[in-house]
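Visitor: From first to last, the protein sequence lines stand for chains L, X and W.
Mind the numbering: the first sequence is residues 504 to 567 in my numbering, read in order.
Mind the numbering: the second sequence is residues 8 to 229 in my numbering, read in order.
Mind the numbering: the third sequence is residues 393 to 647 in my numbering, read in order.
Dumping the structure here so I can ask a few things about it.
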Amino acid sequence: METLWVYLQMGGHGGFIWASYGAVLVILFGLWLISRRFAGAVQTELAVLDRDRPHRQARQNRET
Amino acid sequence: MSGFWTIVRRDLKLAQRQGMDSYMVVAFFVIAVVLFPFGVGPEANILARISSGVIWVAALLAAMLSLERLFQIDFEDGSLELMALQPVPLEVVVMAKITAHWLTTGLPLLVATPLLAVFMNLPYEGFWVLVLTLAIGTPSLSLIGAIGAALILGSRRGGVLLSLLILPLYIPVLIFGVSAVDGAISGLSVKAHLLIMAGLLVAALPLCPWAGAGAIRQALET
Amino acid sequence: MIFHKYANPNRFLKLATTIQPWAAGATGLFFVTGLYFALLASPGDYQQGETVRIMYVHVPAAWMAMFCYTAMAMAAAVGLIWKHPVADLAARSTAPIGACFTFLALFTGSLWGKPMWGTWWVWDARLTSVLILFFLYLGYMALANAFDDPARGSKAAAILALVGAVNVPVIKFSVDWWNTLHQPASVVKIGGPAIHSSMLVPLILMALAFKAYYIWVLLIRIRGEINAGKIRALRLRQVHGGPPPIAARPSQGVN
């Protein structure tokens, strides 16, 4: 436990070092998450549109 | 060449008829500078120390004020499309509009500078260099700004976007303009500064109308 | 030329699907080993102590900031000259990643500066240039998203990226000049730390991790942009009833 505390303190500069690595991990993870959500949402929307298209086609054919 | 001057004359006439634009720019320039003594206090030596920087930054912001409308009005009423169809290359049209912009904003700023130099207690040694750097620098500002003005055509937000695009690109002009004046005040040779500023202007002279014309062509395509 | 082959979005999507898991795996692998070396298996510097560990994320982030801008400008040029649709999307998708790395370079630089220089921010030539680079990214992103038609936004932003790329050396030069004029005496100027081989390993591993991460997220974003383009084309078609643009035509040919 003692050695872990010494390690986390990093010679008194622990706050700066952990804040740096924390910022890197949080921001990179956040950007990845946002990008994935965006790509996923678009993919679902496209799938819905694609699925609906043949029906539309068929309906139009019946009408004409 | 005659096409060039026709457009310059047209734009000057329009600016004159609508009036106010040049006065507004100068008024903004003066008021923005006058705010500083209120902000930092009226001590003569502090004002003298920051005078060159304040005047240059205010000139930069003032030159940007009327940029938004450089192509906007002509784009909206369709005259820009007509100009693009003329035998005159679009680059020349852009260059003409930049010239008119400088004549209606850069030049009035230059005229107002002596007054501000007095207000800000600018040391006498720096005065002529300040006027000279503004004379070389403001055309560069109009040239670089024209690219931004062309890029925002048809966008949802105009003016604020323009400042975000253009201000970072203005930094070199600002740095060399201010350091030339500061150099002159502390008795150094300012030849190098002025040469670099002239170099920036010479580089911007062909590149900016070209890039601006490219941006306008894109805006007209859609 | 190889990139003409991937001007077809559908062909590009296939390629992206193949590469993406590898990029994801490489990111994970390099991050874990990089963090292990950066935080556990490397000694502190004799001059800077443990704060040298901040360098292992700061320097690669600053590299990525420059790298992403270069990649963005090159993609923008390809998009403008060859009308390469995927290149346009690549430039557009690179900008937020580059902006994030630029922000991280500034943020970690500030955290490094506090114990080193005693202040959070120093108008040091390198930090100032990175700050201006950050503004250039913000301008690009604002312009790219300022139009109702994203394709138009990409094109306008492409010109801005090229203008910015021409300006970056000029800005760098002027900021260096400005910095030598205004060198404050109180600030202790530390030179670039002498790179020891024990520092080189975590530095390179973190740089590789960032690069793999860039490729991974870039592919995700481009895939999203391509599909978003297809959706727009489909919706336009629903409204106007015309034939779909080539980019939107599904490869399996439903029509």
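Glycine included, every Cβ here is placed at the ideal spot set by N, Cα and C.
1) Listing by chain order, which chain L residues have their CB less than 9 Å from the CB of I623/W?
2) Step through the CB atoms of chain X and report whether any lies within less than 7 Å of the CB of W570/W.
3) With a threshold of 7 Å between beta carbons, is A467/W in contact with chain X?
4) Check whether chain W comes within 7 Å of G525/L, counting only Cβ atoms and requiring the distance to be less than that.
5) Is V40/X near L123/X, with beta carbons less than 7 Å apart?
6) Listing by chain order, which chain W residues have their CB less than 7 Å from the CB of I508/L?
7) Are E75/X and L169/X closer than 7 Å when you measure CB to CB?
8) In terms of alpha-carbon separation, which member of K475/W, I411/W, Q412/W, A415/W lies closest to A399/W?
9) Please report the straight-line C-alpha distance between S59/X and L77/X, rounded to a whole angstrom.
10) With DSSP run on the structure shown, which of helix, strand or coil describes F441/W?
11) Comparing the C-beta of L523/W with each C-beta of chain X, is any distance below 7 Å?
12) Near G161/X, what residues of its chain come up, given a Cβ to Cβ distance below 6 Å and the 5 sequence neighbours on each side ignored?
13) Going by the beta-carbon positions, is the gap between L496/W and A453/W smaller than 7 Å?
14) In chain order, what residues of the same chain lie with their CB nearer than 7 Å to the CB of I14/X, ignoring the 5 residues before and after it?
15) Looking at C-beta atoms only, is the number of pairs between the stretch 501-516 of chain W and the stretch 129-149 of chain X that lie closer than 8 Å three or more?
16) Report, in whole angstroms, the separation of the C-beta atoms of L72/X and V32/X, which I expect to be a contact under 8 Å.
17) Any contact between the stretch 555-564 of chain W and the stretch 497-505 of chain W? By contact I mean 3 or more CB pairs, one from each, below 8 Å.
18) Which parts of the stretch 143-201 of chain X are runs of the alpha helix (DSSP H), unbroken and 4 residues or longer, counting only runs that do not cross its ends?
19) Name, please, each residue of chain X whose Cβ falls closer than 8 Å to the Cβ of L530/W.
20) Which complete alpha helix (DSSP H) runs does the stretch 483-560 of chain W hold, if anything under 4 residues is left out?
21) Please compile the residues from chain W whose C-beta is within a distance smaller than 8 Å of the C-beta of Q225/X.
22) For A469/W, collect the residues of the same chain with a Cβ closer than 7 Å to its Cβ; drop the 5 residues on either side in sequence, then sort them by chain order.
23) Please check if any C-beta of chain X sits within less than 7 Å of the C-beta of V562/W.
24) Can you pull the chain W residues whose beta carbon is under 8 Å from the beta carbon of G161/X, in chain order?
25) Starting from Y428/W, trace the alpha helix (DSSP H) both ways and give me its first and last residue.
26) Go to W109/X, then tell me how far its alpha helix (DSSP H) extends in each direction, as first and last residue.
27) Starting from the beta carbon of P94/X, find every residue of chain W whose beta carbon is closer than 9 Å, and list them in chain order.
28) Name the chain X residues whose beta carbon is nearer than 8 Å to that of L498/W?
29) Could you tell me whether any Cβ in chain X is nearer than 7 Å to the Cβ of V514/W?
30) Quick check: what's the CA-CA separation for S578/W versus D568/W?
31) Starting from the C-beta of D28/X, find all residues in its chain whose C-beta is less than 7 Å away, skip the five residues before and the five after it, and write them out in chain order.
32) With DSSP run on the structure shown, which of helix, strand or coil describes P94/X?
33) State the CB to CB distance for the pair Q192/X and E132/X, rounded to an integer number of angstroms; the pair is presumed to be in contact (CB under 8 Å).
34) Mapping DSSP to helix, strand and coil, what is G48/X?
35) Thinking just about the alpha-carbon of each residue, which of A418/W, L481/W, Y461/W, N619/W is nearest to the one in V558/W?
36) Using CA coordinates, which residue listed in W570/W, M464/W, P507/W, F493/W is at the minimum distance from G515/L?
Guide: According to the structure shown:
1) V545, E548, L549, L552
2) yes
3) Not an interface residue.
4) Not a single C-beta of chain W is nearer than 7 Å to the C-beta of G525/L.
5) yes
6) Residue identity differs from the one stated: residue 508/L is Trp in this sequence, not Ile. Result: empty, since nearest Cβ-Cβ is about 14 Å, beyond 7 Å.
7) yes
8) K475/W
9) 28 Å
10) One detail in the question is off: residue 441/W reads as Gly in this sequence, not Phe. Correct three-state label for G441/W: strand.
11) no
12) A226
13) yes
14) Answer for I14/X: V100, A103, K104, listed in chain order.
15) no
16) 6 Å
17) Contact between the stretch 555-564 of chain W and the stretch 497-505 of chain W is absent: fewer than three C-beta pairs spanning the two stretches fall below 8 Å.
18) Complete alpha helix (DSSP H) runs here, min 4: 166-192.
19) L171
20) Runs of the alpha helix (DSSP H) inside the stretch 483-560 of chain W: 517-536.
21) Within chain W, the C-beta atoms nearer than 8 Å to that of Q225/X come from R544, K547, A548, I551, in chain order.
22) L554
23) So, interface residue.
24) Listed along chain W, the residues sitting closer than 8 Å to G161/X by beta-carbon distance are F539, R544.
25) 401-431
26) It is not in any alpha helix (DSSP H) - W109/X carries neither H nor E in the DSSP assignment.
27) Simply none; closest approach about 25 Å.
28) Going along chain X, no residue has its Cβ under 8 Å from L498/W, so there is no contact; the nearest lies around 15 Å.
29) Taking Cβ atoms only, chain X never reaches closer than 7 Å to V514/W, which makes this a no.
30) Residue confidence is low: S578/W scores 40 on pLDDT, short of 50, so the model does not pin down where it sits. Its coordinate-derived value is still stated next. For S578/W and D568/W, the distance between alpha carbons rounds to 18 Å.
31) Exclusion of the five residues before and after D28/X leaves A22, S73, T111 as the residues of its chain whose Cβ lies within less than 7 Å of its Cβ.
32) coil
33) First, the residue type needs correcting, since residue 192/X is Ile and not Gln in the sequence shown. Confirmed, Cβ separation roughly 5 Å.
34) coil
35) Y461/W
36) P507/W
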